[in-house]
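Position one of the sequence shown corresponds to residue 660 (the working numbering), numbered consecutively onward.
Heads up: the structure comes next, in structure tokens.
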Amino acid sequence: MDSLERARELLPGWVAWAGPAAFLLAAVTLAAITLPIWAYTLGSAARAAAKRAGESGGELHWTERARLTWNGRRLFFVLAVVEIGALAVLARFWIGPFAYFRGALSGLPVALAAGLVALEVHRRWLLPVAIGRRPSFGQALLGVMARGFWVTPVVPLLVVLFSAPESLVSWQTLFWLVALTLLMVSSHLGFWLQVARVCGGARVAPARVTGVAAELAERQGVSLKHVLVVRWWHCNALAVPLRGIVAVTDRALEVLSAAELRAILAHEVAHLAEAPEIKRGRLLRSLLVPLLASLLLLAVRYELGALLPLAAFVWFLMRWLRNWVRTQEAHADANAADEECYAQALEALYRANGTPAVLRRQGTHPHLYDRLLAAGRTPDYPRPEPPASSFGALAVILVFSLLATIAGANILYEAPQGWLGPERAAVWRLSAGSVGADSDLASIASIRIRNGDPSGDVLYDAAEDLAQRPSFIVSRRVSELAAVGRCEDARAHFTRIEPEFSAQQLRSERLRRVQQALEKCER
């Protein structure tokens, strides 16, 4: 049994859980207060526009509603990720050395709890404004699972960066990089759909959907293995070309007509007909995240200057892959059974999801408005304006949230110490923080040594193991032992550390007092 385990047995039982529990409660409370405020604020423009439209006897057009809420939804996602990440990072420094879960695992319960709060706030406060309906919590939760191949890899990436390596070839670094790579590859192979099926988030599609997909696959000469329905509030369809899987969401089955669904399925089945080199390219694209993690690790381990040429390479590679994906999407669009019906189906998808018809920058797909015109279907509304940029609001919100998170953690750390006694206050600091833990443990050891309690020696041993500079902890121990008349023990400990000090340090005021206390004891 090491010194920390022996010390844990000598301290109150709550040292292992009180701090982590208090931090978890504080993190959830902070998220439950700040996230609804931001969600309400980010949706205020759309609510005001809908109110004005209602007062004039009309209704806010779906393109305008999507335009006004789009950036708010994206900002909320960034805000939630940053706040959850900040809380998870703070947990590592805030949770003390005697907690049952330390290191990278200490932030996992905090991140999960705050993530559930963010999911509920998004479902309750933003989605009704953006899409006109509030999905169930189960649909929202399973939707996160449905997008797992985008969201889940963030977790090991954060762990890799957070446990910033002292050595780039340490087994911890290699473990997380390998885990991240396997997760990305398995996600692009569609294994997340299998997990969703086990958890009740996906099921085999009904016969009418399976039959249409099988007919389209036979017509295009491709192998179709599975057709699934995913429980998700989002109206969408997707394909896993490497596994021969096509999936639609249950919301898409509710929104789309039979003809529109057929056109959407034709697009997804066309992805299964991609050439083998294209499918391998999609798998290569999934490895960009581990590559990015490696580059960031290089920046942490070495210097930022070494990162620049590598970052430029990744940037050009990502742009090339984005253009390549655009080409594949255009090819899949061309395989839709009825071009005009496909355009109509796309409009139904965009309307149901609250996605703007025109974005500020084209992604892997053209703007919806342009796709409708290209299909020969002129919309009955003018070309909408793209969503306004919100970089200024994002910066203000992020800075405020980070400051509130850090301030809240410090208040929680300091608050109980005013009404606790000296020893219990030090135990609380051990439970609620890893910074200065060696000094707090030494304070408890000093109190017990003055009271004649032999457990003080065990606690001093543990404090030495925690300290980055054990010699200063030992010098404090020498003073306490000399003060209670344990001169031989004091001399033995001072002799042990004396060679570690330089001549100048031995002449310092602090060590002179230690030597004077030792000489006084021996006289």
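C-beta: ideal position from N, C-alpha, C; glycine also.
Worksheet item: Does the distance from the C-beta atom of ARG1184 to that of ALA1085 stay below 9 angstroms?
Response: Given that the chain is displayed from residue 660 to residue 1182, the structure contains no residue 1184 and the question cannot be resolved.
Discussion item. For SER795 and LEU920, what's the separation of their Cα atoms in angstroms?
Written reply: Translated into positions along the sequence shown, residue 795 becomes position 136. Translated into positions along the sequence shown, residue 920 becomes position 261. Approximately 24 angstroms between the Cα atoms of the pair.
Worksheet entry | Local conformation of ALA1121 per DSSP, three classes | As a working note, residue 1121 is residue 462 in the sequence shown. Three-state DSSP puts ALA1121 in a helix.
Item to complete: To the nearest angstrom, report how far apart HIS720 and VAL844 are at their CA atoms.
Response: Indexing the sequence shown from 1 puts residue 720 at position 61. Indexing the sequence shown from 1 puts residue 844 at position 185. Each residue's Cα considered, the two are about 41 angstroms apart.
Worksheet item: Distance, Cα to Cα, GLY1013 vs ASN730?
Response: Against the sequence shown, residue 1013 aligns to sequence position 354. Against the sequence shown, residue 730 aligns to sequence position 71. Cα to Cα, GLY1013 sits roughly 11 angstroms from ASN730.
Worksheet item: Relative to the C-alpha of ALA686, which residue among GLU1159, GLU998, LEU746 is closest?
Response: Counting from one through the sequence shown, the residue named residue 686 turns up at place 27. Cα-wise, what sits closest to ALA686 is LEU746.
Worksheet item: Using CA coordinates, which residue listed in ASP1116, GLU668, VAL780 is at the minimum distance from TYR759?
Response: Mapped onto the sequence shown, residue 759 falls at position 100. Closest by alpha carbon: GLU668.
Practice prompt. Please go through the same chain and pick out, in chain order, the residues whose beta-carbon is closer than 7 angstroms to the beta-carbon of VAL1137, but skip the five residues on each side of it.
Written response: Start at 1 with the first residue of the sequence shown, and residue 1137 comes out as number 478. Excluding residues within five positions, the ones whose Cβ falls inside 7 angstroms are ALA1149, HIS1152, PHE1153, VAL1173, LEU1177.
Fill in: Cβ neighbours of ALA1122 in the same chain (closer than 7 angstroms, five flanking residues each side left out)
Position 463 of the sequence shown, counting from 1, holds the residue named residue 1122. Contacts found: ASP1097, LEU1100, ALA1101, ALA1104, ILE1132.
Fill in: Residues near VAL1017 by beta carbon distance below 6 angstroms, same chain, minus five either side
Residue 1017 sits at position 358 when you count from the first residue of the sequence shown. Cβ neighbours of VAL1017 beyond the five flanking positions: HIS1026, TYR1028, PRO1043, PRO1045.
Worksheet item: Cβ of GLY766 within 9 angstroms of Cβ of ALA750?
Response: Along the sequence shown, one-based indexing puts residue 766 at 107. Along the sequence shown, one-based indexing puts residue 750 at 91. In this structure, ALA750 lies closer than 9 angstroms to GLY766 by Cβ.
Discussion item. In whole angstroms, give me the CA-to-CA distance for LEU901 and VAL769.
Written reply: Position 242 of the sequence shown, counted from the start, is the residue given in the question as residue 901. Position 110 of the sequence shown, counted from the start, is the residue given in the question as residue 769. Rounded to whole angstroms, LEU901 to VAL769 spans 35 angstroms at the Cα level.
Fill in: Bounding residues of the alpha helix (DSSP H) (the contiguous stretch that carries SER888)
Translated into the one-based positions of the sequence shown, residue 888 becomes position 229. First, the amino acid is wrong: residue 888 is Val here, not Ser. That residue, VAL888, is in no alpha helix (DSSP H); its beta strand (DSSP E) goes 885 to 889.
Discussion item. So, under 8 angstroms CB-CB, GLU933 and ALA896 are touching, yes? Tell me the CB distance rounded to an integer number of Å.
Written reply: As a first step, residue 933 is located in the sequence shown; it is residue number 274 there, counting from the start. As a first step, residue 896 is located in the sequence shown; it is residue number 237 there, counting from the start. The Cβ separation is near 16 angstroms, so there is no contact.
Discussion item. Along the chain, where does the alpha helix (DSSP H) containing VAL741 start, and where does it finish?
Written reply: In the sequence shown, counting from the first residue as 1, residue 741 sits at position 82. Segment 721 to 753, the alpha helix (DSSP H) holding VAL741.
Discussion item. With the cut-off set at 9 angstroms, would you say VAL907 and VAL868 are in Cβ contact?
Written reply: Residue 907 sits at position 248 when you count from the first residue of the sequence shown. Residue 868 sits at position 209 when you count from the first residue of the sequence shown. Yes, the pair counts as a contact, with Cβ atoms nearer than the cut-off.
Worksheet item: So which of PRO1113, ARG1169, GLN1127, ARG1107 has the shortest CA-CA distance to SER1134?
Response: Position 475 of the sequence shown, counting from 1, holds the residue named residue 1134. Minimum Cα distance to SER1134 is reached at ARG1169.
Worksheet item: So which of LEU689, HIS847, ARG711, PHE752 has the shortest CA-CA distance to ALA777?
Response: Numbered from 1 along the sequence shown, position 118 holds the residue referred to as residue 777. Comparing Cα positions, the closest option is LEU689.
Worksheet entry | Per DSSP, cross-strand counterpart(s) of ILE904 | Position 245 of the sequence shown holds residue 904. Looking at the DSSP assignment, ILE904 forms a beta bridge with HIS885, VAL899.
Worksheet item: Rounded C-beta distance between VAL905 and VAL886? I'm assuming under 8 angstroms.
Response: Locating residue 905 in the sequence shown gives position 246, counting from the first residue. Locating residue 886 in the sequence shown gives position 227, counting from the first residue. The pair is a contact, with the Cβ atoms about 5 angstroms apart (cut-off 8 angstroms).
Discussion item. Which of the three DSSP states is assigned to VAL1094 in this structure?
Written reply: Within the sequence shown, numbered from 1, the residue matching residue 1094 stands at position 435. VAL1094 falls in the coil class under three-state DSSP.
Worksheet entry | Completely contained alpha helix (DSSP H) runs for the stretch 1100 to 1153, where each covers 4 or more residues | 1114 to 1125, 1129 to 1142
Practice prompt. Figure out for me which residue from SER715, ALA704, GLY716, ARG733 has the closest Cα to the Cα of GLU723.
Written response: In the sequence shown, the residue the question calls residue 723 occupies position 64. Cα-wise, what sits closest to GLU723 is ALA704.
Worksheet item: Between which two residues does the beta strand (DSSP E) carrying GLU861 extend?
Response: Taking the first residue of the sequence shown as 1, we reach residue 861 at position 202. In the sequence as presented, Glu is not what sits at residue 861; that position holds Ala. Segment 861 to 863, the beta strand (DSSP E) holding ALA861.
Worksheet entry | Chain-order list of residues whose beta-carbon lies under 8 angstroms from that of MET660 (same chain, five-residue window excluded) | The sequence position of residue 660 within the sequence shown is 1, counting from 1. Bear in mind that a pLDDT of 47 at MET660, under 50, signals an unreliable position, so the model cannot answer this.
Worksheet entry | Of the residues SER1093, ALA876, ALA739, LEU1032, the one placed nearest ILE696, counting alpha carbons only | To locate residue 696, count along the sequence shown from 1; it is residue 37. Among SER1093, ALA876, ALA739, LEU1032, the Cα nearest to that of ILE696 is on ALA739.
Practice prompt. Report yes if the CB atom of LEU1031 is closer than 9 angstroms to the CB atom of ALA1002, and no otherwise.
Written response: Counting from 1 along the sequence shown, the entry for residue 1031 is found at position 372. Counting from 1 along the sequence shown, the entry for residue 1002 is found at position 343. For LEU1031 and ALA1002, yes; Cβs fall inside 9 angstroms.
Worksheet item: Using the C-alpha atoms, what's the distance from GLU1159 back to GLU1082?
Response: Locating residue 1082 in the sequence shown gives position 423, counting from the first residue. Locating residue 1159 in the sequence shown gives position 500, counting from the first residue. Roughly 30 angstroms separates the two Cα atoms.
Worksheet entry | Beta-carbon gap between TRP753 and ALA1063 smaller than 9 angstroms | Position 94 of the sequence shown holds residue 753. Position 404 of the sequence shown holds residue 1063. No. Outside cutoff.
Fill in: C-beta contact flag for VAL899 and GLY849 at 9 angstroms
Stepping through the sequence shown from its first residue, residue 899 is reached at position 240. Stepping through the sequence shown from its first residue, residue 849 is reached at position 190. Yes. Within cutoff.
Worksheet item: According to the neighbour-count rule (16 or more other Cβ atoms, all chains shown, within 10 Å of its Cβ), is TYR1009 buried or exposed?
Response: For the purposes of this step, residue 1009 is taken as residue 350 along the sequence shown, with counting starting at 1. Under this definition TYR1009 is a buried residue.
Worksheet item: Mind checking VAL837: buried by the 16 CB within 10 Å criterion, or exposed?
Response: Taking the sequence shown and counting its residues from 1, the one referred to as residue 837 is at position 178. With fewer than 16 Cβ atoms within 10 Å of its Cβ, VAL837 is classed as exposed.
Worksheet item: Contact check, LEU1089 vs PHE757 under 8 angstroms by CB: the rounded distance?
Response: Translated into the one-based positions of the sequence shown, residue 1089 becomes position 430. Translated into the one-based positions of the sequence shown, residue 757 becomes position 98. About 6 angstroms separates the two Cβ atoms, so the contact holds.
Item to complete: Assign THR728 to one of two classes, buried (16 or more other C-beta atoms within 10 Å of its C-beta) or exposed (fewer than that).
Response: The residue given as residue 728 occupies position 69 in the sequence shown. The residue is buried, with at least 16 neighbouring Cβ atoms inside 10 Å.
Worksheet item: When the Cα of ALA866 is compared with those of LEU912, LEU852, CYS894, which residue comes out closest?
Response: Taking the sequence shown and counting its residues from 1, the one referred to as residue 866 is at position 207. ALA866 has its Cα closest to that of LEU912, out of LEU912, LEU852, CYS894.
Worksheet item: Around the Cβ of GLY702, are there at least 16 other Cβ atoms within 10 angstroms (buried) or fewer (exposed)?
Response: As a first step, residue 702 must be located in the sequence shown, where it is residue number 43. So GLY702 counts as buried.
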